[in-house]
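Below is one structure, written out as structure tokens, with a few remarks after it.
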């Protein structure tokens, strides 16, 4: 007598995967199960819910199981699928790049609000990673020109690929460089933005397993997490126009320290802005009397 083969419907495989992910310590087991299955079946999450009784084909099961095994090993969903949504765009990500976070969307949105009526701009993004910041800014600011800088050649290539996808490659330069090392000093930039490594080295071991899959050099901010802010601000006037604007993503307890470093560098109009969780997450800074000075001071904290 032939053994009856198990039929894995959408509902059944989601229920099994949710339990399995929970047992492996995955933070959002149901959501991740659904997102991975959407990718395999090329369906939306709504379509999953309206087709719970639909059985999976053998090839679909095989691909899904491979995704589930990778996620159970705490590989981030974005690396498994190779892309991550950011604002209204879709960014390619690889293990050469940090995965874009929702908090960084706030940084980009605030920069667009501050600069959208300023005409042509030159934007410098130090530590561009996937290009989420600089490419999004170029997409939102059609008169702007950007320069993306990263120490990783792989990350720089991903930034360029994403720029092509967004249709902004003709307004983007990229430089493989350790911060300013290979960046031309002239002409000056009107906007300098960076989401640098800001996690204190002593905190790295306690991070989620998923974060350990991301490039360590994109995370490690040195002893107190402030090394890269010091390095950037030390030489900022070699690159930033005196009328320009600086913007940084920061760790949740670094607002006062980064604001102080900005003031010490001559950026005396400083505002710390909070994220969705009401934690310090961004610093915007400009010289007093500059075109951005008053605008920075008028930024709402949340």
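In the working numbering, the protein residues as written are 934 to 1235. Virtual Cβ for every residue (Gly too), placed ideally from N, Cα, C. All values derive from a computational prediction rather than experimental measurement.
Cβ-based burial, residue 1187 [other Cβ within 10 Å; buried from 16]: Your numbering for residue 1187 matches position 254 in the chain shown. By the Cβ-count criterion, residue 1187 is buried, with 16 or more other Cβ atoms from all chains shown falling within 10 Å of its own Cβ.
Out of 990, 1004, 1071 and 1028, point me to the one whose CA is closest to residue 1126's CA. Here residue 1126 is taken as the residue at index 193 of the chain shown, counted from 1. Checking every option, the nearest Cα to that of residue 1126 belongs to 1071.
Residue closest to residue 966, alpha-carbon to alpha-carbon, out of 939, 1003 and 991: Taking the chain shown and counting its residues from 1, one reaches residue 966 at position 33. That would be 1003, whose Cα lies nearest to the Cα of residue 966.
Under the DSSP definition of a beta bridge, which residues are partnered with residue 1153? Sequence index remark: in the chain shown, residue 1153 carries index 220 (1-based). Answer is 1132.
For residue 939 and residue 1039, the rounded distance between their alpha carbons: Here residue 1039 corresponds to residue number 106 of the chain shown, with the count starting at 1. Here residue 939 corresponds to residue number 6 of the chain shown, with the count starting at 1. Using only the alpha carbons, I get a separation of about 47 Å.
Look at the alpha carbon of residue 1149 and the alpha carbon of residue 1087, and state the distance between them as a whole number of angstroms. Within the chain shown, numbered from 1, the residue matching residue 1149 stands at position 216. Within the chain shown, numbered from 1, the residue matching residue 1087 stands at position 154. One C-alpha to the other measures close to 14 Å.
Does DSSP put residue 934 in a helix, in a strand, or in coil? As a working mapping, residue 934 is identified with position 1 in the chain shown. Note that residue 934 scores a pLDDT of 39, beneath 50, so its modelled location is shaky; the value from the coordinates is reported in the next line. In the three-state DSSP reduction, residue 934 falls in the coil class, being neither helix nor strand.
Contact set for residue 875: own chain, Cβ-Cβ below 6 Å, skip 5 residues either direction: Outside the modelled stretch of the chain, which goes from 934 to 1235, sits residue 875, for which no answer is possible.
Indicate the three-state DSSP secondary structure (helix, strand or coil) for residue 1125 in the structure shown. Residue mapping note: residue 1125 aligns to position 192 of the chain shown, counting from 1. The DSSP-derived three-state label of residue 1125 is strand.
Apart from the five residues on each side of it in sequence, which residues of its chain come closer than 8 Å, Cβ to Cβ, to residue 994? Numbered from its first residue, the chain shown carries residue 994 at position 61. If you ignore the 5 residues before and after residue 994, its C-beta comes within less than 8 Å of the C-beta of 941 and 946, all in its own chain and listed in chain order.
Relative to the alpha-carbon of residue 1116, which residue among 1103, 1104 and 1058 has its alpha-carbon at the smallest distance? Walking along the chain shown from the start, residue 1116 turns up at place 183. The closest CA to that of residue 1116, considering only 1103, 1104 and 1058, is found on 1058.
Residue environment, residue 1140, which counts as buried when at least 16 other CB atoms sit within 10 Å: Within the chain shown, numbered from 1, the residue matching residue 1140 stands at position 207. By the neighbour-count rule (16 or more Cβ atoms within 10 Å), residue 1140 is not buried but exposed.
Element boundaries [alpha helix (DSSP H), containing residue 1107]: Position 174 of the chain shown holds residue 1107. No alpha helix (DSSP H) holds residue 1107; the beta strand (DSSP E) holding it covers 1105 to 1109.
8 Å contact criterion, which residue 956 and residue 1029 should meet: CB distance rounded: Locating residue 956 in the chain shown gives position 23, counting from the first residue. Locating residue 1029 in the chain shown gives position 96, counting from the first residue. Not really, about 31 Å apart at Cβ, beyond 8 Å.
Measuring CA to CA, which of 1092, 1182, 1214 and 1203 is closest to residue 1221? Residue mapping note: residue 1221 aligns to position 288 of the chain shown, counting from 1. That would be 1203, whose Cα lies nearest to the Cα of residue 1221.
Does DSSP put residue 1139 in a helix, in a strand, or in coil? As a first step, residue 1139 is located in the chain shown; it is residue number 206 there, counting from the start. Reduced to three states, the DSSP call for residue 1139 is helix.
On the DSSP letters alone, give me the boundaries of the alpha helix (DSSP H) that residue 1042 sits inside. The residue given as residue 1042 occupies position 109 in the chain shown. For residue 1042, the uninterrupted alpha helix (DSSP H) run begins and ends at 1035 to 1048, by DSSP.
Mind reading off the beta-carbon distance from residue 1113 to residue 1036? Whole number of angstroms is fine, and I expect it under 8 Å. Indexing the chain shown from 1 puts residue 1113 at position 180. Indexing the chain shown from 1 puts residue 1036 at position 103. Residue 1036 and residue 1113 do not touch by the CB rule: their CB atoms are close to 25 Å apart, not below 8 Å.
Under the three-state DSSP convention, the category residue 1176 falls into: Taking the first residue of the chain shown as 1, we reach residue 1176 at position 243. Residue 1176 falls in the strand class under three-state DSSP.
Assigned secondary structure, residue 1057 (DSSP; H/G/I helix, E/B strand, else coil): Indexing the chain shown from 1 puts residue 1057 at position 124. DSSP places residue 1057 in strand when its eight states are reduced to three.
Confirm, please, whether the CB-CB distance from residue 1077 to residue 1024 is below 8 Å. For the purposes of this step, residue 1024 is taken as residue 91 along the chain shown, with counting starting at 1. For the purposes of this step, residue 1077 is taken as residue 144 along the chain shown, with counting starting at 1. No; because the gap between Cβ atoms is not below 8 Å, this pair is not in contact.
Express the C-alpha separation of residue 999 and residue 958 in angstroms, rounding to a whole number. For the purposes of this step, residue 958 is taken as the residue at position 25 of the chain shown. For the purposes of this step, residue 999 is taken as the residue at position 66 of the chain shown. Going from the Cα of residue 958 to the Cα of residue 999 covers about 18 Å.
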